[in-house]
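Please read the structure below before turning to the comments.
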Amino acid sequence: MILPCPTRLRNDFSDMLRLRNYDTKYIKGIGPERAKLLASELGIHSAYDLVRHFPTGYIDRSKTYSLRSLHAALGEDFANVQLRGRFVSFNVLGEGAKMRLIGLFSDGTGSVECVWFRGVRETRKRLRAGEEYVLFGRPSRFNGQLQLTHPEVETPQKAESNGGIRAVYPLTENLRRRNITGRVLHEAIVGFLNKLNRHLEDVLPPSTVQSLGLMDLDTALRTIHLPTNPQALQKARERLKFEELFFIQADMLMRSRKRKLDTAGYVMPRIGTRFNDFYSQCLPFSLTGAQKRVIKEIHADICSGRQMNRLVQGDVGSGKTLVALMAMLLALDNGYQACLMAPTEILATQHFETIRGLVAKIGIGVALLTGSTRAKERRVIDEGLRDGSIHILIGTHAVIEERVEFKKLGMAVIDEQHRFGVAQRARLWKKSECPPHILVMTATPIPRTLAMTVYGDLDVSVIDELPPGRKPVQTVLRYEKNRAQVQAAIRRQLDAGHQVYIVYPLVEENEKLDLKSVTEGFESACELYKPHMTALVHGRMKPAEKDAQMALFSSGKAGVLVATTVIEVGVNVPNATTMVIENAERFGLSQLHQLRGRVGRGAENSYCVLMSKYELSADTRKRLEIMTSTTDGFVIAEADMQLRGPGDIEGTAQSGLPFDLKIANLAQDGQIIQMARRAAETLLDSDPGLALPENRNFMSALKDMLSRAQDWSRIS
Ligand code: ADP
Ligand code: MG
């Protein structure tokens, strides 16, 4: 065994597992004290963690500055610079805690004061006046004088041997205080890698590395810590990002393949009278190509004998409700019941009404169950569900309550899934002997590559086509000073017989204030737009009150609806042509997109006005300008992710990844995610159980990583 390894390990352990078991305290330059600190500060426990403590950036040290040019750049904020010259003099000032070392450094074109507050004696001993050194640090001005605090000092030979590009490592303040600098880490890592007198075995399957022309692990690790040139560094980073994403994709795929093998599902091959009658008699328009395609995909799933777990992504207004309904009709045609769950009562009620209207001619039992369903009615529903006379149950969370019993639940549709937790979905399993087919609908378009990762074990369908004749919503950004014009425009819309939404933010932390602004907005709208009626809906209202207000608006009695984001998802009033969003800067892009989707549902021109304060930061303005420049939900989701990072994108936080990403970035590495996905598919096609000897290293690494993964909750 060649790898230095103080703990006795089995011979069949892969290099990766050896590194995992190699305590950092045995590494030169670390030792027991520092090992403890690295563990508590950075979570570095083993040599494996250490060599995977990747630099966050690099500094180009191929350039040396002259002090004259630094003096000339007076007042600028410098990045780190490299200097070359000699110390003219040293002075130790002060005593005890106040002691400091001042070295005057000159390169012949000017001079700079170097200051050390720590390690004064050691530094003084190490450095000699008159000898040539290379200095590296960030110059600042102190009393008009150029100064370098704690610069790195090296001999010219050492500086040259380290090459032009230097790694910068993530550190904590506490580590810096204890003199564990990037340099220390760098030297420990590179020293450790150099001491291994052979190449580290790769963890990736050899076929994957070869077919994609990836850099091998050993070279990649050495290169990322000590790049020889930018091209090699690029390849090393790609390889290491790929590796992380490949582990995730392989894991996801194995899970989903296994689940498909393990979980039998109801077989629903029949396309019967309900589906056909609906199609020929009730459909008010023809389906879009995308809707047809998705219905076919669903049909194939439910014929397969396996449980369907399909996510349908479709932009707002793409007609997901209809797809859901037709999927449920297929279940009915095969003798099963279906349910549809929505995140809010308003939405559930609206689905209920839409669907009841659509299927009126074909006589099927549809019921609505929400938290405010009365006990008496509830008993009738319970009865109908048990005897099978209710075919489709529509509702809120109430649907998955323990006591709700179906005769034969075969399909569950979940609308706007990010409001439903994993646990809630799991409850559906208890409602029939076999898990029902699951169809998840979401209009929060998360970027495709992200979906591939966070919904990696769901099958994804995309409705990427809007019904014909839709005109894009014209979106503008307006400020306080434009308010009178905005009000006049609202008035014109109302007078022309259209309806208008006015939306206020409602954020938990300052709910009181928000409530005040929405009620004030309501009062002023009542006044301003007389004789048109104004309705009000917000989250603190009783359901019955909300319904009544909502009904005023959807029936067209009220011209204006002042609301908080309770109307965000799914509300459908085609006659509403205008949406005004107050304090638009407080909303996320995806949320704005959702809101905007409430207008532009009819044939008329429609408008969205984003109202905002005058002073917007550059970032906020950029964000809002994305809304004015596109109506494509995927483009918006992509932009939102770039601006905020993937963690904040709705729907992703709860799904979690099995491992932390150290180097890959879900927002930026879309291409590598796709590459990893395809490669994982190829690998599992050729070796489904990862049992071939050449894939054993990968399999054991994957198992090892999963065993360390915490709180990995499955998507049902
Ligand atoms: P979402 O995908 O946002 O849930 P909906 O299902 O609410 O969208 O549909 C939005 C509107 O488009 C509804 O009024 C619906 O009746 C209409 N619609 C759906 N499919 C079509 C179609 N193929 N042609 C025309 N209108 C359609
Ligand atoms: Mg919808």
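For the sequence shown, the tail end lands on 719 under the numbering used here, and the numbers increase by one without skipping. Virtual Cβ for every residue (Gly too), placed ideally from N, Cα, C. Quantities reported herein were computed from a predicted structural model and do not represent experimental measurements.
- The C-alpha of Thr67 lies about 17 Å from the C-alpha of Glu134.
- Met444 carries a strand assignment under DSSP once its states are collapsed to helix, strand and coil.
- By the Cβ rule, the region 144-162 counts as touching the region 114-121, because three or more pairs are nearer than 8 Å.
- For Pro142, there is no enclosing alpha helix (DSSP H); the residue is found in the beta strand (DSSP E) stretching over 142-145.
- Within the DSSP bridge table, the entry for Trp119 names Leu104 as partners.
- Residue range 610-615 is occupied by the beta strand (DSSP E) that includes Ser615.
- Distances from the alpha-carbon of Gly97 to those of Val123, Gln213, Gly320 put Val123 closest.
- A heavy atom of ligand 2 is found nearer than 6 Å to the CB of Lys323.
- Rounded to the nearest angstrom, the Cβ distance from Gln490 to Thr580 is 16 Å, too far for a contact under 8 Å.
- Not one heavy atom of ligand 1 falls within 6 Å of the beta-carbon of Ala491.
- The count of Cβ pairs closer than 8 Å, one atom from the region 336-343 and one from the region 392-410, reaches three, so the stretches are in contact.
- Relative to the non-hydrogen atoms of ligand 1, the Cβ of Pro470 comes within a distance shorter than 6 Å of at least one.
- Secondary structure of Glu468 (DSSP, three-state): coil.
- One thing to note: Val171 has its Cβ within 7 Å of the Cβ of Thr59.
- In the DSSP assignment, Asn700 falls within the unbroken alpha helix (DSSP H) covering 699-711.
- A straight line joining the alpha-carbon of Gly360 with that of Val612 spans about 32 Å.
- Counting along the chain, Ile349 sits inside the alpha helix (DSSP H) bounded by residues 348-361.
- If the five residues before and after Thr567 are omitted, its C-beta is found closer than 8 Å to the C-beta atoms of Val506, Tyr507, Pro508, Leu509, Asp517, Val521, Val540, His541, Gly542, all from its own chain and listed in chain order.
- For the pair Ser109 and Gly140, the CB atoms are not nearer than the 7 Å cut-off.
- Boundaries of the alpha helix (DSSP H) harbouring Arg260: 233-265, taken from the DSSP string.
- When C-beta atoms of the region 477-490 are compared with those of the region 543-559, fewer than three pairs fall below 8 Å, so the two segments do not count as touching.
- Straight through space, the alpha carbons of Met255 and His56 are spaced by roughly 25 Å.
- Non-local C-beta neighbours of Arg389 in its own chain, meaning closer than 7 Å and more than five positions away in sequence, comprise Glu408, Lys410, ordered along the chain.
- For Gln490, the enclosing alpha helix (DSSP H) covers residues 486-498.
- Here Ile183 is not near Tyr61, since their CB atoms are 7 Å or more apart.
- The count of Cβ pairs closer than 8 Å, one atom from the region 232-243 and one from the region 190-203, stays below three, leaving the stretches out of contact.
- In terms of Cβ geometry, Ala642 and Ser615 do not form a close pair [threshold 7 Å].
- With a threshold of 6 Å, the Cβ atom of Thr291 counts as near ligand 1, since some heavy atom of the ligand is closer than that.
- Per DSSP, the continuous alpha helix (DSSP H) segment holding Gly34 begins and ends at 34-45.
- Taking 6 Å as the cut-off, the C-beta of Ala446 counts as close to a heavy atom of ligand 1.
- Residue pairing from DSSP places Arg89 in a beta bridge opposite Ser109, Glu135.
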